[in-house]
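Beneath this line is the structure, given in structure tokens, with notes to follow.
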Amino acid sequence: MISIQKLSINFTGDFLFQDVSFVVGDHDRIGLVGKNGAGKSTLLKILHRELQPESGQITITNGHRTGYLPQEIHGCYESTIWNETMSAFVEQKQLEKKITQITQDLSDRTDYESESYVNMAQQLSDLTDRFHQIGGATMEGDAEKVLLGLGFQNKDFHRLMKEFSNGWQMRVSLAKILLQKPEIILLDEPTNHLDIESIQWLENYLANYDGALILVSHDRAFLDHVTNRTIEITFGNIQDYKCSYSQYVQQRLERIEAQQNAYENQQKEIAQIEKFIERFRYKATKAKQVQSRIKLLDKMDKIEVENIDNSSISFRFPPAPHSGRVTVNTEGLSLGYGDFNVLQNIDFHLERGERVAFVGKNGEGKSTMVKAIVGELPPQKGRIELGHQVVIGYYAQNQALLLNPDKTVFETIDEIAVGDMRPKIRTILGRFLFSTEDTEKKVRVLSGGEKSRLALAKLLLSPFNLLILDEPTNHLDMQSKDVLKNALLQYEGSMILVSHDRDFLQGLTEKTIEFKDHKIKTYIGDVYDFLDKKKIDSFQELQANSTTNASVATKSNNKDLWEKKKEAEATDRKRNNKIKKIEAEIEQLNQEKEEIEKKLALPEKYANEIASGELYRAYENIQHQIESKEEEWLEVNIF
Numbered sequence: 030m031i032s033i034q035k036l037s038i039n040f041t042g043d044f045l046f047q048d049v050s051f052v053v054g055d056h057d058r059i060g061l062v063g064k065n066g067a068g069k070s071t072l073l074k075i076l077h078r079e080l081q082p083e084s085g086q087i088t089i090t091n092g093h094r095t096g097y098l099p100q101e102i103h104g105c106y107e108s109t110i111w112n113e114t115m116s117a118f119v120e121q122k123q124l125e126k127k128i129t130q131i132t133q134d135l136s137d138r139t140d141y142e143s144e145s146y147v148n149m150a151q152q153l154s155d156l157t158d159r160f161h162q163i164g165g166a167t168m169e170g171d172a173e174k175v176l177l178g179l180g181f182q183n184k185d186f187h188r189l190m191k192e193f194s195n196g197w198q199m200r201v202s203l204a205k206i207l208l209q210k211p212e213i214i215l216l217d218e219p220t221n222h223l224d225i226e227s228i229q230w231l232e233n234y235l236a237n238y239d240g241a242l243i244l245v246s247h248d249r250a251f252l253d254h255v256t257n258r259t260i261e262i263t264f265g266n267i268q269d270y271k272c273s274y275s276q277y278v279q280q281r282l283e284r285i286e287a288q289q290n291a292y293e294n295q296q297k298e299i300a301q302i303e304k305f306i307e308r309f310r311y312k313a314t315k316a317k318q319v320q321s322r323i324k325l326l327d328k329m330d331k332i333e334v335e336n337i338d339n340s341s342i343s344f345r346f347p348p349a350p351h352s353g354r355v356t357v358n359t360e361g362l363s364l365g366y367g368d369f370n371v372l373q374n375i376d377f378h379l380e381r382g383e384r385v386a387f388v389g390k391n392g393e394g395k396s397t398m399v400k401a402i403v404g405e406l407p408p409q410k411g412r413i414e415l416g417h418q419v420v421i422g423y424y425a426q427n428q429a430l431l432l433n434p435d436k437t438v439f440e441t442i443d444e445i446a447v448g449d450m451r452p453k454i455r456t457i458l459g460r461f462l463f464s465t466e467d468t469e470k471k472v473r474v475l476s477g478g479e480k481s482r483l484a485l486a487k488l489l490l491s492p493f494n495l496l497i498l499d500e501p502t503n504h505l506d507m508q509s510k511d512v513l514k515n516a517l518l519q520y521e522g523s524m525i526l527v528s529h530d531r532d533f534l535q536g537l538t539e540k541t542i543e544f545k546d547h548k549i550k551t552y553i554g555d556v557y558d559f560l561d562k563k564k565i566d567s568f569q570e571l572q573a574n575s576t577t578n579a580s581v582a583t584k585s586n587n588k589d590l591w592e593k594k595k596e597a598e599a600t601d602r603k604r605n606n607k608i609k610k611i612e613a614e615i616e617q618l619n620q621e622k623e624e625i626e627k628k629l630a631l632p633e634k635y636a637n638e639i640a641s642g643e644l645y646r647a648y649e650n651i652q653h654q655i656e657s658k659e660e661e662w663l664e665v666n667i668f
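Residue numbering for the sequence shown follows the numbering used here, beginning at 30 and increasing consecutively.
Here it is, written out as structure tokens:
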């Protein structure tokens with residue numbers, strides 16, 4: 030469990046957040062949300078002890094470890110994928126070494142009756158038990174399962190880490206965290222470097238993880254599948270919602286609406302009281318009532334409406350110039366790097382105004398195809414042609430990283446703006462939430478989201494009729510993604526979109542192109558149509574590969590059937606009544622748990638109880654009771 034009390038941190042004199050307090054339970058799955066720059070990544074670093082807050086206290090249960098995945102990693106490893114992954118098993122490897130040594134020592138001894146021999150044998154037994162308890166016997170199998178789930182192939186295991194991009198190296202870091210099984214997992218944008226299949230695998234893994242999870246993500250679908258609690262950082266404060274992201278959005282709107290209604294009613298009440306006071310202030314016969322109302326105003330708890338950060342980027346793509354009917358056409362196209370072949374004999378056709386999504390596992394050729402279309406990669410075989418008067422607007426997967434870190438925000442746009450666009454630079458930057466002060470910042474100090482916004486702003490400097498976006502949503506917050514999606518819906522030109530964000534892709538394209546095994550396959554519809562079709566294909570394949578043995582049912586006596594039916598109905602009634610009773614008990618325990626959490630969040634008020642450990646013991650006791658009741662509920666439902 031983590032207890033955060035009155036946490037504050039500031040940069041350059043401004044508080045990022047101030048006096049923040051909340052409690053994380055042992056099995057909480059928290060989605061940390063807020064706009065870019067709100068402090069989400071900073072909070073994760075503080076929890077992992079990478080940063081020290083200005084003030085406040087963080088208490089983590091003794092023995093609980095944190096596993097932290099940052100947004101970006103830097104480094105080139107000389108080890109292989111397999112060796113780097115296996116380095117996660119530090120304790121297991123140490124135990125294995127000790128067990129081997131003690132086993133050898135015992136085999137060399139003959140004093141079987143001596144006390145030292147018995148002690149050594151007992152030590153071996155204890156170490157062996159611990160080794161099996163923490164999965165020492167299944168290290169290789171567990172590592173293989175996780176690596177395959179995150180998109181690696183067996184043939185990749187013994188390749189050097191430095192042969193892979195930062196995105197793939199990030200997957201190895203994630204694999205090590207999952208294999209170490211820390212009590213608290215902290216993940217900062219883990220889906221940025223994963224494809225759709227790997228994201229779905231990670232969803233299932235985290236949903237069944239036995240520990241606490243704090244997750245920063247701008248992927249709505251991922252948050253909804255993984256989290257059961259949402260903490261929003263806004264204007265230096267937090268708002269805590271006991272629900273997943275989509276439910277949080279709805280509850281937040283309802284909460285603000287209720288606050289607004291209560292505020293308006295209170296203002297009417299205050300106005301009436303003030304009117305009474307003003308009217309009868311100088312009448313002796315009303316002096317008592319006037320004083321009573323003055324005291325009432327002084328004691329009244331003024332209702333405040335929660336601030337909502339409504340600032341968001343605002344833009345539309347330039348009108349698409351007219352082009353020929355055919356936008357892109359390839360015949361027998363083969364692409365690769367040196368002797369390494371990525372795509373073979375690809376026939377791809379894109380017409381004017383057509384919108385397609387490129388999907389598939391990382392490394393299957395999506396970005397390679399894009400680079401060939403924009404002219405950055407020559408074909409190995411075949412041909413690729415752009416249509417008449419086709420002008421490309423291109424956002425590369427690493428576009429934000431290609432920005433010159435030593436230039437200011439203004440200089441980044443100024444160096445490529447020409448003609449009528451030059452006087453509009455500050456207006457364009459303002460639409461992407463860069464204030465006058467921000468425009469003088471160096472690119473190197475910008476957050477990941479700010480760099481992505483700046484890279485998008487560069488696209489507005491000239492018109493185009495073929496828009497190619499390779500992972501444009503990485504690092505963008507929810508509101509910015511919504512604005513980008515709306516701008517894409519209004520864009521009239523042709524579009525190729527590479528993305529793993531299912532919520533973002535939904536409704537944007539009418540075709541989905543899957544890249545797999547050096548080939549492409551076309552599906553009609555958007556990403557969810559594609560995923561549904563994939564499920565159907567997988568099911569049909571399973572059905573085709575399985576054999577069923579038909580059995581002939583025998584008739585039963587009607588009386589026996591009736592008796593069995595009544596008996597089953599009685600059993601169901603008893604089970605349903607028991608389920609309702611257990612659910613009521615769980616609800617009561619959760620209420621008691623929330624009361625304790627509220628006390629833990631107010632250390633100045635409950636200092637004695639916290640210092641004595643009474644509240645922590647009560648919290649853990651209720652947590653155990655809830656887990657016990659949930660186990661009981663599960664047994665009743667299954668059996």
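In this text, a Cβ means the ideal position worked out from N, Cα and C, and glycines have one as well.
Chain-order list of residues whose beta-carbon lies under 7 angstroms from that of residue i (same chain, five-residue window excluded)
i, result
"D499", "S396, V399, Y424, A425, Q426 and V527"
"K470", "T437 and V438"
"A579", "Low local confidence applies: a pLDDT of 33 at A579 is under 50, so the model's placement there is unreliable, with the coordinate-based value given in what follows. Taken in chain order, the list of residues that qualify is empty."
"V319", "I306, F309 and R310"
"A676", "Outside the modelled stretch of the chain, which goes from 30 to 668, sits residue 676, for which no answer is possible."
"Q47", "S37 and G265"
"S102", "Strictly speaking, residue 102 in this sequence is Ile, with Ser absent from that position. Around I102: N195, Q198, M199 and S202."
"I549", "I375, F377, I542 and E543"
"V419", "S352, T356, N494 and L495"
"I413", "T359, L362, A401 and I402"
Own chain, CB closer than 8 angstroms to residue i, minus 5 neighbours either side, in chain order
i, result
"R354", "E380, R381 and G416"
"I655", "I615, L618, N619 and K622"
"D555", "A386, L534, Q535, G536, L537, T538, E539 and T541"
"D134", "M149"
"L153", "I128, I131, T132 and L135"
"E638", "K628 and L644"
Residue nearest to residue i in terms of C-alpha spacing, selected from the options
i, options, result
"P10", "T114, L242, V334 and E521", "In this structure the chain extends from 30 to 668, so residue 10 is not present and cannot be described."
"S657", "E286, L629, E614 and E623", "E614"
"D185", "G392, S37 and Y648", "G392"
"E261", "R281, H254 and A250", "R281"
"V334", "E298, D555, N294 and A117", "N294"
"M115", "K205, N370 and G367", "K205"
"P211", "V119, Q81, L177 and T263", "V119"
"Q151", "I128, M168, G389 and G164", "I128"
"G365", "R482, P407 and T157", "P407"
"N237", "E226, A67, L207 and R249", "L207"
"T323", "R249, P452, H378 and A300", "Contrary to the premise, residue 323 reads as Ile rather than Thr in this sequence. The residue with the shortest Cα to Cα distance from I323 is A300."
"I214", "P501, L231 and F44", "L231"
"S476", "S32, D55 and G66", "G66"
"N257", "T465, D55, E612 and K610", "D55"
In DSSP terms, what residue i is bridged to
i, result
"G96", "I214"
"N266", "T263"
"S523", "L495"
"H378", "N358"
"F309", "BP columns for F309 are empty, so no partner."
"I31", "V53 and I89"
"S363", "K410"
"Y424", "L498"
"E543", "V388 and K550"
"F20", "In this structure the chain extends from 30 to 668, so residue 20 is not present and cannot be described."
"R188", "According to DSSP, R188 bridges with nothing at all."
"K471", "T437"
Min CB distance residue i to chain B below 8 angstroms
i, result
"E643", "Reference to chain B is not applicable here, since this structure consists of a single protein chain."
Cβ distance (whole Å) where residue i is taken to contact residue j below 8 angstroms
i, j, result
"H547", "L372", "6 angstroms"
"D217", "L98", "6 angstroms"
"E61", "L244", "In the sequence as displayed, the identity of residue 61 is Leu instead of Glu. Going by Cβ atoms, the distance from L61 to L244 rounds to 7 angstroms, so yes, they are a contact pair."
Neighbourhood of residue i by C-beta distance below 6 angstroms, restricted to the same chain and skipping five residues each side
i, result
"D140", "Y146"
"F544", "G389, E393, G394 and K395"
"S70", "D217"
beta-carbon residue i near the ligand GTP non-hydrogen atom, thresh 7 angstroms
i, result
"S273", "This structure does not include the ligand GTP; it has no bound ligands of any sort."
Discussion item. Under 8 angstroms: do the segment 432 to 450 and the segment 399 to 410 share three or more Cβ pairs, one atom per stretch?
Written reply: Contact between the segment 432 to 450 and the segment 399 to 410 is absent, because fewer than three Cβ pairs lie under 8 angstroms.
Worksheet item: How about the segment 344 to 353 and the segment 509 to 524: do they share at least three Cβ pairs that are nearer than 8 angstroms?
Response: The segment 344 to 353 makes contact with the segment 509 to 524: 3 or more CB pairs, one atom from each, lie closer than 8 angstroms.
Worksheet item: Counting Cβ pairs closer than 8 angstroms, one from the segment 626 to 642 and one from the segment 50 to 63, do we hit at least three?
Response: Flag = yes, the segment 626 to 642 and the segment 50 to 63 touch.
Worksheet item: Three or more beta-carbon pairs under 8 angstroms between the segment 107 to 114 and the segment 171 to 179, yes or no?
Response: Verdict: yes, contact present.
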